[in-house]
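Step one of this worksheet: look at the structure below.
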Amino acid sequence: MLRLSLLIATVLGATACQSARTPELTVLGVREAARHEVVFLQVTNPASRTMRLTKLEYTFASQGERVSSGEVSLSRDVPAGAAVVVEVPLDVDHDGPMMLRGKLIAELDQIVRTFTVSAQVDSR
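Its first residue numbered 47, the sequence shown is counted upward by one per residue in this note's numbering.
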């Protein structure tokens, strides 16, 4: 079972029609489930308006090698400055640090935006 030993979130940048601050990701923990492990990811909305999360496309990598990838469909409204928790499945049992990288798709002001995001997952 993986256990979270360090919470670090980094933001790589945003790709959108207009410049917007990227939502922040923070790994809250990792839990073993029946068929896979689950990474609890906190998504914080830095915008001054509500943001609707619609999808997270992600890849877990360790030492430059892909460990797992997939996408999670979302339908979550995040008020300005607020945070929500998103559960991301991890299909393999992996010990050691990993990097979650991906694209968070969200609607802000009725415009679909794609944000490049990442978060460090340190587990033992």
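Think of the CB as a built atom: it goes at the ideal place given N, C-alpha and C, for glycine as much as any other residue.
- Secondary structure of Gln109 (DSSP, three-state): coil.
- The beta carbon of Val158 is closer than 8 angstroms to those of Thr100, Ile151 and Ala152 in its chain, skipping five residues each way along the sequence.
- In this structure, DSSP gives Arg147 an extended state, which the three-state scheme calls strand.
- Of the residues assessed, Val113 falls on the buried side of the cut-off, its CB having 16 or more other CB atoms within 10 angstroms.
- With fewer than 16 other Cβ atoms from the protein chains shown falling within 10 Å of its own Cβ, Glu133 counts as exposed.
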